[in-house]
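Residue numbers (our numbering), protein chains in the order written: chain A, 1 to 325; chain B, 1001 to 1325.
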């Protein structure tokens, strides 16, 4: 595996990373950082790794960057149409593929080089529409031959070696299908919320040199372990915060209030079909999000007015890779 | 396993079975059969097993019996609605469930005691909509983690022990879900067309005491082995012939020309949905069949005029079980 120890070799306590002035930006009035100027010059190449994310992406520290990630690519025909509609309308900037789902091959067949990552999938949450692992993984099955419906059920009996093998197979299959995979995500938070599963998540991000979709930093106390610091220690990038609006109304409001830094806005566009209605009781929210997000005129205008720049996960992947070069 | 040798113990060459007059019916003017009257009385209990199927079902030898089997139950939401529509309109008389498919659990949730069997499923023929085995069966996977798309691909690398285990799991799961399973079928003819796979098919029919959906007898020469004779030797029943009309027009014509004996008419009703259109290029035939078959007024009237009686697979299962009692 490449690059697993980049940040570990840097003699800076990880907790102080954010307090050190970026070399390429304007020095901050931070006395501790100023006192270390000589040291800073010596490790200049590495210090870029602790600049704020927007700066590493080539923007000023107060920039408002936004990734609009369409979830559920591959999950159903309705979500495939939804995700590609929103990407091709120029509003969405990324999509997260669920490789083991019944319609993943349609997503592959329709792919035209869009910004896509893999949403590592270890659950099948719908009661009446199901799927299962693509590897031989007895510990990842529920009694019905598919993935368990909930993350709790998964955590109760998933073997982490089988999790690793299944997740790696999902990434490799997406690559084999022709996707230019540029991030990893985790369905239902399964790989983010438990330390032993997070180890697998981080290991795969390091191995494939990909950014991770992580929960916002302010949720770390509730999770009980410093997953963001651990990702940073391994040189793995992630947006600064994540928003998951459920309804179209909340989504519209979120778009109007994007803060400085890199925000990921997770959306679930889907066309309304009989299958979607039968599979998911919340189908109406997904269909409303779709309607809002395919409006290619108003959303880009709104974001321009509020000074928000849309980016994809490719930018994060490139910055992550560059820091290892 | 019960009753695997019923017919074998009877000293009648299987090929002559149909020429022997049924004990409970009117004797036919057949000199060979008349000459054996004394012998016939001695084995009367067993001879019932070689009466024609319609007679075993309690009808006269010239009766025209028709099973209208809806395929693809469980395959997709569109086919679930299609199959239950046609069953509940009173036109369809049976349905064949595909347990490993993504929508099988919806079919289970919607079940209200209809006449249902298990269409043993070892393939996933659609290019963009996929599913895989419910057991750990490496030899039943294609390179993409699901079932192979064609029967030829399956036959090339399927281990018969894994086939048996997967098929048994499908039957047991259907029973667990609450289905009163009353027949076995085989998707894409996979278990009918090759002797080594037919062994598994017949073994499961014997074990679970279920009738089999088999190809018509006139196709035996092309198949190269006497599958119907083998089923009969094991006391396993099957309709006398099977019709698979593709278009609604051919289906309508088939309904008007049902011959004496037990005919199985295999239909593929499905509602038209975006998913079905995306999954299956021939969706229009399925939707047209659905439109024709939900017309509960005209088809029963047509069948009544031509003297056709509709039955389900339960009648066959009951006759098969009774012969073992």
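Yeah, the Cβ is synthetic: ideal placement off N, Cα and C, and Gly gets one too.
On a Cα-Cα basis, can you pick out the residue from the options that is closest to residue i?
| i | options | result |
| --- | --- | --- |
| residue 1141(B) | 1159(B), 1224(B) and 1098(B) | 1159(B) |
| residue 1063(B) | 1263(B), 1272(B), 1071(B) and 1054(B) | 1054(B) |
| residue 1270(B) | 1088(B), 1082(B) and 1164(B) | 1082(B) |
| residue 127(A) | 146(A), 110(A) and 118(A) | 146(A) |
| residue 235(A) | 323(A), 132(A) and 133(A) | 323(A) |
| residue 1102(B) | 113(A), 97(A) and 77(A) | 77(A) |
| residue 1093(B) | 1319(B), 1107(B) and 1315(B) | 1315(B) |
| residue 1279(B) | 106(A), 74(A), 84(A) and 91(A) | 106(A) |
| residue 1129(B) | 100(A), 60(A) and 202(A) | 100(A) |
| residue 184(A) | 281(A), 104(A), 98(A) and 90(A) | 98(A) |
| residue 178(A) | 313(A), 87(A), 104(A) and 277(A) | 104(A) |
| residue 251(A) | 292(A), 224(A) and 274(A) | 292(A) |
| residue 112(A) | 180(A), 218(A) and 272(A) | 180(A) |
| residue 268(A) | 65(A), 56(A) and 91(A) | 91(A) |
| residue 175(A) | 65(A), 108(A), 227(A) and 138(A) | 108(A) |
| residue 1286(B) | 1079(B), 1121(B), 1224(B) and 1242(B) | 1079(B) |
| residue 188(A) | 208(A), 168(A), 73(A) and 149(A) | 149(A) |
| residue 1254(B) | 1303(B), 1320(B), 1202(B) and 1165(B) | 1303(B) |
| residue 289(A) | 305(A), 320(A) and 249(A) | 249(A) |
| residue 241(A) | 256(A), 218(A), 223(A) and 227(A) | 218(A) |
| residue 1069(B) | 1244(B), 1277(B), 1256(B) and 1226(B) | 1244(B) |
| residue 1247(B) | 1233(B), 1283(B), 1321(B) and 1272(B) | 1283(B) |
| residue 299(A) | 74(A), 75(A), 89(A) and 65(A) | 89(A) |
| residue 1151(B) | 1170(B), 1186(B) and 1131(B) | 1186(B) |
| residue 136(A) | 164(A), 273(A), 223(A) and 297(A) | 164(A) |
| residue 195(A) | 59(A), 224(A) and 95(A) | 224(A) |
| residue 1307(B) | 1275(B), 1281(B), 1260(B) and 1276(B) | 1260(B) |
| residue 75(A) | 1095(B), 1239(B) and 1131(B) | 1131(B) |
| residue 170(A) | 1121(B), 1144(B) and 1170(B) | 1144(B) |
What residues from chain A crowd round residue i, counting only those whose CB sits closer than 7 Å?
| i | result |
| --- | --- |
| residue 1339(B) | Residue coverage of chain B in this structure runs from 1001 to 1325, which leaves residue 1339(B) outside it and unanswerable. |
| residue 1278(B) | 77 and 106 |
For residue i, which beta-bridge partners are listed by DSSP?
| i | result |
| --- | --- |
| residue 1263(B) | 1066(B) and 1241(B) |
| residue 1095(B) | 1070(B) and 1116(B) |
| residue 1185(B) | 1119(B) |
| residue 1150(B) | The partner list for residue 1150(B) (beta bridge, DSSP) is empty, contrary to what the question assumes. |
| residue 1309(B) | 1065(B) |
| residue 1212(B) | 1184(B) |
Going along chain B, which residues have a C-beta under 7 Å from residue i?
| i | result |
| --- | --- |
| residue 138(A) | 1136 |
Who are the neighbours of residue i on chain B, taking C-beta pairs under 9 Å?
| i | result |
| --- | --- |
| residue 273(A) | 1077, 1273, 1274 and 1275 |
Assuming residue i contacts residue j under a Cβ cut-off of 8 Å, what Cβ separation, rounded to an integer in Å, is found between them?
| i | j | result |
| --- | --- | --- |
| residue 1215(B) | residue 1192(B) | 6 Å |
| residue 1067(B) | residue 1264(B) | 5 Å |
| residue 119(A) | residue 154(A) | Not really, about 15 Å apart at Cβ, beyond 8 Å. |
| residue 231(A) | residue 210(A) | In fact, because the Cβ distance is near 11 Å, the residues do not count as touching under 8 Å. |
| residue 1071(B) | residue 1266(B) | 6 Å |
| residue 311(A) | residue 57(A) | 7 Å |
| residue 1313(B) | residue 1085(B) | With 8 Å as the limit, residue 1313(B) and residue 1085(B) do not qualify as a contact, their Cβ atoms being about 19 Å apart. |
| residue 1205(B) | residue 1197(B) | Contact flag wrong, Cβ pair sits at about 13 Å. |
| residue 1237(B) | residue 1319(B) | 6 Å |
| residue 1220(B) | residue 1227(B) | 7 Å |
| residue 1065(B) | residue 1309(B) | 5 Å |
| residue 1139(B) | residue 1162(B) | 5 Å |
| residue 275(A) | residue 1275(B) | 5 Å |
Can you tell me whether residue i sits near the ligand GTP, meaning its C-beta is under 8 Å from at least one heavy atom of the ligand?
| i | result |
| --- | --- |
| residue 1139(B) | Among the components modelled here there is no ligand, and therefore nothing to report on the ligand GTP. |
Would you say residue i faces chain C, with C-beta separation under 9 Å as the test?
| i | result |
| --- | --- |
| residue 1158(B) | Considering every chain present, this structure includes no chain C. Its protein chains are A and B. |
Members of the region 73–104 of chain A that neighbour chain B once the beta carbon cut-off is set at 9 Å:
76, 77, 78, 80, 81, 99, 100, 101, 102, 103 and 104
Proximal residues, the region 1107–1130 of chain B versus chain A, C-beta separation under 8 Å
Flagged, chain order: 1109, 1127, 1128, 1129 and 1130.
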